Structures are given as structure tokens and as C-alpha cells.
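Visitor:
2 protein chains.
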Amino acid sequence: MQRIGIGIDIGGTSVKMGLFQEDGELLYKWEVPSRKEEAGRYILEDVAASILSVLKEKDINMDSVIGAGLGVPGPVLPDGYVGVCVNLGWRDINPRQELSRMLGGLPVLSGNDANVAALGEMWKGGGKGYSDIVMITLGTGVGGGVIINEKITAGKHGLAGEIGHIHIRDEEQEVCNCGGRGCVEQVASATGIAREARRKLAAVDTPSRLREFGAQVTAKHVLDAAKAGDGLALEVVETVGRYLGLLLAQLSMTIDPQMFVIGGGVSKAGRFLIDVIEKYYVEFTPISEDKAVIGLAKLGNDAGIYGAAKLILG
Amino acid sequence: MQRIGIGIDIGGTSVKMGLFQEDGELLYKWEVPSRKEEAGRYILEDVAASILSVLKEKDINMDSVIGAGLGVPGPVLPDGYVGVCVNLGWRDINPRQELSRMLGGLPVLSGNDANVAALGEMWKGGGKGYSDIVMITLGTGVGGGVIINEKITAGKHGLAGEIGHIHIRDEEQEVCNCGGRGCVEQVASATGIAREARRKLAAVDTPSRLREFGAQVTAKHVLDAAKAGDGLALEVVETVGRYLGLLLAQLSMTIDPQMFVIGGGVSKAGRFLIDVIEKYYVEFTPISEDKAVIGLAKLGNDAGIYGAAKLILG
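If you're matching them up, the sequences are chains C and F in order.
Using the numbering used here, the first residue of the first sequence is number -11, and each one after it goes up by one.
Using the numbering used here, the first residue of the second sequence is number -11, and each one after it goes up by one.
(1) If I measure Cβ to Cβ from residue 48 of chain F and keep anything under 7 Å in the same chain, skipping five residues before and after, which residues do I get?
(2) Could you have a look at residue 14 of chain F and say whether DSSP puts it in helix, strand or coil?
(3) Using the C-alpha atoms, what's the distance from residue 7 of chain C back to residue -5 of chain F?
(4) Counting only Cβ-Cβ distances shorter than 8 Å, please list the residues of the region 222 to 243 of chain F near chain C, keeping chain order.
(5) Which one or two residues does DSSP pair with residue 4 of chain F in a beta bridge?
(6) Report the partner residues of residue 155 of chain C according to the DSSP bridge assignment.
(7) Determine the DSSP secondary structure at residue 98 of chain C, reduced to helix, strand or coil.
(8) Mind checking which residues open and close the beta strand (DSSP E) that includes residue 292 of chain F?
(9) Look at the alpha carbon of residue 199 of chain F and the alpha carbon of residue 189 of chain F, and state the distance between them as a whole number of angstroms.
(10) Pull the bridge partners of residue 78 of chain F from the DSSP assignment, please.
(11) Quick one: give me the first and last residue of the beta strand (DSSP E) that residue 217 of chain F is part of.
(12) Taking the alpha-carbon of residue 72 of chain F as reference, which of F:184, F:100 and F:15 has the nearest alpha-carbon?
(13) Rounding to the nearest angstrom, what Cα-Cα distance links residue 288 of chain C and residue 256 of chain C in this structure?
(14) Below 8 Å, how does it come out for the region 150 to 157 of chain F and the region 111 to 131 of chain F: are there three or more Cβ pairs, yes or no?
(15) Any C-beta of chain C sitting closer than 7 Å to the C-beta of residue 276 of chain F?
(16) Can you give the Cα-Cα distance for residue 238 of chain C and residue 155 of chain F, rounded to whole angstroms?
(17) Can you list the residues of chain F that residue 150 of chain C reaches, using a CB-CB cut of under 7 Å?
(18) Would you grab the beta carbon distance between residue 178 of chain F and residue 74 of chain F for me? Rounded to a whole angstrom, and I think it's under 8 Å.
(19) What does DSSP give as the partner residue(s) for residue 24 of chain C in the beta ladder?
(20) Is any beta-carbon of chain C found at less than 7 Å from that of residue 300 of chain F?
(21) To the nearest whole angstrom, what separates the beta carbons of residue 141 of chain C and residue 134 of chain C, a pair I think is in contact under 8 Å?
(22) How would you call residue 15 of chain C, buried or exposed, if buried means at least 16 neighbouring beta carbons within 10 angstroms?
(23) What's the call for residue 204 of chain F, buried or exposed, on a 16-neighbour Cβ count within 10 Å?
(24) Please confirm whether residue 73 of chain F has its beta-carbon closer than 7 Å to some beta-carbon of chain C.
(25) At which residue ranges does the region 87 to 147 of chain F contain complete beta strand (DSSP E) runs of 3 or more residues, listed in the order of the chain?
(26) Does any heavy atom of the ligand FMN sit closer than 6 Å to the C-beta of residue 96 of chain F?
(27) Can you tell me the Cα-Cα spacing of residue 105 of chain C and residue 292 of chain C, whole angstroms?
(28) Could you run through the region 154 to 165 of chain F and flag, in chain order, every residue whose CB is less than 8 Å away from some CB of chain C?
(29) Name the chain C residues that come within less than 8 Å of residue 91 of chain F, Cβ to Cβ?
(30) If the criterion is Cβ atoms closer than 7 Å, does the pair residue 132 of chain C and residue 176 of chain C meet it?
(31) From the DSSP secondary-structure annotation, give me the bridge partner or partners of residue 56 of chain F.
(32) Tell me the DSSP secondary structure of residue 229 of chain F in three-state form.
(33) Determine which residues share a DSSP beta bridge with residue 248 of chain C and list them.
As C-alpha cells, this is what we get:
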């Protein structure tokens, strides 16, 4: 009998789910909307109902399901407890326990969504073949996940991998969402890159193709212009790459992974961006000739379901 | 039959050794000089001979020895290989394998000395009762060790825990021993604190009891003067505490330990210094109300033999 693991990635808009073979082959994936009304109370019920319905439709017996893994968009304590999950409206809940109950006692394990995505990338994505990676997701914000010996390092207060909120830039004056100032996210997220470009456009009057976008300039505009050789855009990319290279150096001298996997929308700039990050990473790690590999994520939006399945498939 | 583990801590001047019960009680400790001539080739022989002699003297049969743990003052790869150990003159050696051979095949495990000391502090020192700690040793340099789930995080290139060489201060102009600039060690080691004081004494002409020491000012002078309320010394301590608080915040948002254990000569300043570090640690972690505990190391120079014994006692 073929045995199955279920990967579930709960997001603020939709819940992605997948059925996986034990060897990690994705058999089927689907999604349902995240119903956030009434403090998100229907989300897990919807997930459970949808899983039971898909298993029935696929003629898969519950006996052949090993269990389910669950990625949660917020801090998760070691026992699965979630104090607050702002994105879903959840408070004071143990989603792992609740979903297990709704699925007739099926084993369910859970983790923070960014950590779970990192596990997925290690298993079947950009970090395949490595056991120790840090994933850095450059999207609207900056997320991260630390994998050591093929396991998520979740931390004791649900904070591990929150590398987007490491203070890295002393001169930053604006306040970050987290309440701090000078966070990695403020300079290296898509939002941060766009802001950096706006600041530079306002500060100097050198010609730049970015001027036509004015206040509407995006990270993609910046990266595309930089690739095309635009001087001002290149300066922005150097700034972003410097802080990311510094971050990677800090991470190397803390946990020393084999590889850094860069994902998220900003990473679509590809090797061009990685090369700038790597230049500064090398500059900030004179202590050793042996460097970690820096590469791109490969699973895109599926990283979460892969990682969630890996949680339960072990 | 009482079973024994041996803890060995190799330093640049002497090798410390201890016999431990399985429960971690230290039965006997002693040391031998580190013979560094001829690229340190006699060090392990001396250690093996000394262990055999002490076991004989104590009438302990080799059958009751579980094994030995070994702390090495340099980078150690996962299989025990040491490429270069500047402090001892070693090159291209696997000390764990060699010592095992010299002790008739006794199981020997090894690790970097700072990492091993961190394990010792977790087991029986300032971090007792916790499974996830980071130890920060403020001595002539700044060392560190990362313990997750009661195990050393050694990293894949022997760099994990090298937190003294994290770049933290952009405006630093002097070059660190590692070849970088603005390392934690340059501001928070005993040497760094003294330099910071010299710089401040030169930069301003406010009265300070530190002036009498001139270029001979030490970290201890600074910390003592700060405790006594000396304004200039207090400013130096604020600078040091700010960068250490920032370092701890970075570590929390990477691996999120339960506790930070502060050791080394500088930590003799005690709670006074911890309070300043903690103030800035809180400032740099607005993301969460849940903070790690910050406390003092307790085992002093014995941390290494405790940790080495724990390596082999598991």
C-alpha cells in the first residue's frame, strides 16, 4: 500500500495543500480560501473537510495516511501552541491539536510557515542535497528559516529565523512594522528596495531610467534597470546586497550552514542579485576561506506544502 | 562498577583534564603543560601518558572508562579533522582519532574549545536547566558557543559560534585579527574595552578617574570606574553594552535560545554589565515580549573539561 503525507500551508488568503509520497513526490495539490471572519475560526474546519473530501475523491483510505504537516503564518511554540497569529485572527490556539482532532486523531505536526518553507527547499528545492541551510525570503517582507541537521530550528519563543527583523542599519530613521529601526526587512524586502530607490532619486539628480516611475517605482523596476546598467539602480542594488551579504556573514559566524537559499519575489532577479550579495558576504567573512554556497530557491509557492509534508514524513 | 568520562581541554599554555562520574560530578582534575615545540607534536602523547598514569594512580580500570571528550583551540570539522590550529602549531591532523589510537581505541569525541565550554556551562554551569543557550566569552578576545537541544552546533566549516568576528560596527577603522573591521571582539573584548576607553579619553577632556592610567587603562579599570559612577567610564560601558545587546538580539532572531550565558574575564563585572547589555537587548527585540534570560557563566576555567566530558557522556 502506498503511504501518503499531507502538506498544508496556511496563508492569509488561501490554504495550499498537497498529497505526497514518502519519497517526496507531489501527487496532487489544491487550495481553499482562508476564511478569516470570526477570528479565523472556520479555517481549520475548512481544511479538515477539504482533506477528507479530496482523500475520498482520490479513493485514498485514511489508514494509508501517515499524517499531516501544517505551516502557520506566525510564531509557533515547541508544543504547537500559537499565542497570536495576526494574519489569520487566531489567538490562544493549538492548531496542530485541533486539526488532529478534526481528522480523527491523525498525527499532525506544525511549524512557522517561513521555517516550514525552508525545510521544503532543503528537501526538494534549492537546498537539495544539503542538511544545513538558511533560507531567506525576500518578498513584501523578509522571512527566514534555519535548518540544522535536516530539522527546523524553531527556537524557544517562536522567534528563530526572524532574520528580517535583525537590526542591521544604524542610520535608519523610519520605524519598521516590528517597532524597531534599521531592520533587514527595511532595506532588503521589495518594499525596502523601492523605498531605497525613492530616497536615492530624491537625494541626487543624476539621470536614471527610474525617474519615469516617480513614487511608483518598484523593486522590479530597480532590479531590471540595474541589470540594464542604470547607475542609480546599481547603487541601490549595491546597498541592498551589502546588507544581505552582512546578514549572511552574521549567520555563518553563528550557525555556519552549508548553503543560503534565497527566495521570494525579489530573488527573481536571479544570479545578478546573488553575485552582489556574495561579493559582500566574502568581504564580511575574512575569517575563513571556506564559504557557504549561495543559491536560489526553486519551489516557489510550493515550498510550504513540501516542507509541511517533510515535517510529518520525517 | 562506577563508570567514568574524561574531559580534556587543550589550551595554548596547558591542557586541563578531569575525571567525571556519569552524572557530571567532577572526581579529580589536573593539568599538564602544552608542549608546543615541533608543531605541537608531543601534546597528544603527553595527554595520553598523563591520563594512563592518573587512571593507574587512582586504580581505575580502563574498562570502566566510557571515553574522552576533547576541546581543541581552533576550528574542528564534523569528522574531527583540524586543518590548522594556530595556537598549538597543529596542521592537518585528526586529534580525536590520534588520541583514541594512543588510548587503545578508547572512544574520543572532539569539538572547538569555545563550543565545548558552552556545552559545559549548559550542563553544570550558568545555563543549567536549559537545553538551548548561547555562551559569549568576553576575554582577551570574544568567543562563543551555540547549544541547541543540548548539542553543540558546530557548523559545516568549523565557524559556528565565531560570534566575536561578526561585523557589528560600521564606523570602525582599525583592522581586527581576523582581517575584518568592526568585529564584536574589537569593541567587547577586554582589549576592545580598553581601546574604547583610550579613544574616549583622547576625544574629550571631561574629568575621569581613568585619566591616571593613561595608555595603560584596562577593561577592569573601566568597569570598576563605571560601577563607582565615573561618567566617561559609564559611556564606554554603554557603548560596549549596546553592541553586545545588539549581538544578542541578532542571535535571538536567528536561533532564539532560552538563555545567554556571559563568561570570560570581563564578565567579572557581574550583574552591573549584564543590566546594560539587557537594556539594549530589549531595545533591539521589539518584535516579541518573550525574551531570553541573560546570566553569568559559573564554571570559570573548568567549563572546558565539563563540556568535554559531556561530549562523551552524551
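Where is the CB? At the ideal position from N, CA and C, for every residue including glycine.
Note that this is a predicted model, so its numbers are computed, not measured.
Guide: On the basis of the coordinates in this document:
(1) Counting from 1 along the second sequence, the entry for residue 48 of chain F is found at position 60. Counting only Cβ-Cβ distances below 7 Å, and skipping sequence neighbours, we find -8.
(2) Position 26 of the second sequence, counting from 1, holds the residue named residue 14 of chain F. The answer is strand: DSSP assigns residue 14 of chain F an E or B state.
(3) Indexing the second sequence from 1 puts residue -5 of chain F at position 7. Indexing the first sequence from 1 puts residue 7 of chain C at position 19. Cα-Cα distance, rounded: 49 Å.
(4) 234, 237, 238, 239, 240, 241, 242 and 243
(5) For this step, residue 4 of chain F is matched to residue 16 along the second sequence. F:-3 and F:19.
(6) The residue you call residue 155 of chain C lines up with position 167 of the first sequence. C:171.
(7) As a position in the first sequence, residue 98 of chain C is number 110, starting the count at 1. Correct three-state label for residue 98 of chain C: strand.
(8) As a working note, residue 292 of chain F is residue 304 in the second sequence. Where residue 292 of chain F is concerned, there is no enclosing beta strand (DSSP E), although the alpha helix (DSSP H) it sits in stretches over 291 to 301.
(9) Translated into positions along the second sequence, residue 199 of chain F becomes position 211. Translated into positions along the second sequence, residue 189 of chain F becomes position 201. Whole-angstrom Cα-Cα distance: 7 Å.
(10) In the second sequence, residue 78 of chain F corresponds to position 90, counting from 1. The partner list for residue 78 of chain F (beta bridge, DSSP) reads F:73.
(11) On the second sequence, position 229 is the one that residue 217 of chain F refers to. Premise fails: residue 217 of chain F is in no beta strand (DSSP E) and is neither H nor E.
(12) Here residue 72 of chain F corresponds to residue number 84 of the second sequence, with the count starting at 1. That would be F:100, whose Cα lies nearest to the Cα of residue 72 of chain F.
(13) Counted from its first residue, the first sequence places residue 288 of chain C at position 300. Counted from its first residue, the first sequence places residue 256 of chain C at position 268. Roughly 10 Å between the two C-alpha positions.
(14) yes
(15) In the second sequence, the residue the question calls residue 276 of chain F occupies position 288. Cβ-Cβ to chain C under 7 Å: yes for residue 276 of chain F.
(16) In the first sequence, the residue the question calls residue 238 of chain C occupies position 250. In the second sequence, the residue the question calls residue 155 of chain F occupies position 167. Residue 238 of chain C and residue 155 of chain F: Cα-Cα distance of roughly 7 Å.
(17) Position 162 of the first sequence holds residue 150 of chain C. Simply 241 and 275.
(18) Position 190 of the second sequence holds residue 178 of chain F. Position 86 of the second sequence holds residue 74 of chain F. That belief does not hold up - the Cβ atoms of residue 178 of chain F and residue 74 of chain F are roughly 20 Å apart, past 8 Å.
(19) Residue 24 of chain C sits at position 36 when you count from the first residue of the first sequence. None; residue 24 of chain C has no bridge partner.
(20) As a position in the second sequence, residue 300 of chain F is number 312, starting the count at 1. Judged by the 7 Å Cβ criterion, residue 300 of chain F is not in contact with chain C.
(21) Mapped onto the first sequence, residue 141 of chain C falls at position 153. Mapped onto the first sequence, residue 134 of chain C falls at position 146. Contact flag correct, Cβ pair sits at about 4 Å.
(22) Against the first sequence, residue 15 of chain C aligns to sequence position 27. Classification for residue 15 of chain C: exposed.
(23) In the second sequence, counting from the first residue as 1, residue 204 of chain F sits at position 216. Exposed.
(24) Indexing the second sequence from 1 puts residue 73 of chain F at position 85. No, its Cβ sits nowhere closer than 7 Å to a Cβ of chain C.
(25) 96 to 100, 121 to 126 and 130 to 136
(26) With respect to the ligand FMN, the structure offers nothing, as it holds no ligand at all.
(27) Numbered from its first residue, the first sequence carries residue 105 of chain C at position 117. Numbered from its first residue, the first sequence carries residue 292 of chain C at position 304. Looking at the two C-alpha atoms, the distance is approximately 4 Å.
(28) 154, 155 and 158
(29) Position 103 of the second sequence holds residue 91 of chain F. The contacting residues do not exist; residue 91 of chain F stays about 29 Å from chain C at best.
(30) Locating residue 132 of chain C in the first sequence gives position 144, where the first residue counts as 1. Locating residue 176 of chain C in the first sequence gives position 188, where the first residue counts as 1. Contact: no.
(31) The residue labelled residue 56 of chain F in the question sits at position 68 within the second sequence. According to DSSP, residue 56 of chain F bridges with F:-6 and F:96.
(32) Locating residue 229 of chain F in the second sequence gives position 241, counting from the first residue. Of the three classes helix, strand and coil, the one that applies to residue 229 of chain F here is helix, per DSSP.
(33) Along the first sequence, read from residue 1 onward, the residue named residue 248 of chain C stands at position 260. Answer by DSSP bridge pairing, in chain order: C:122 and C:282.
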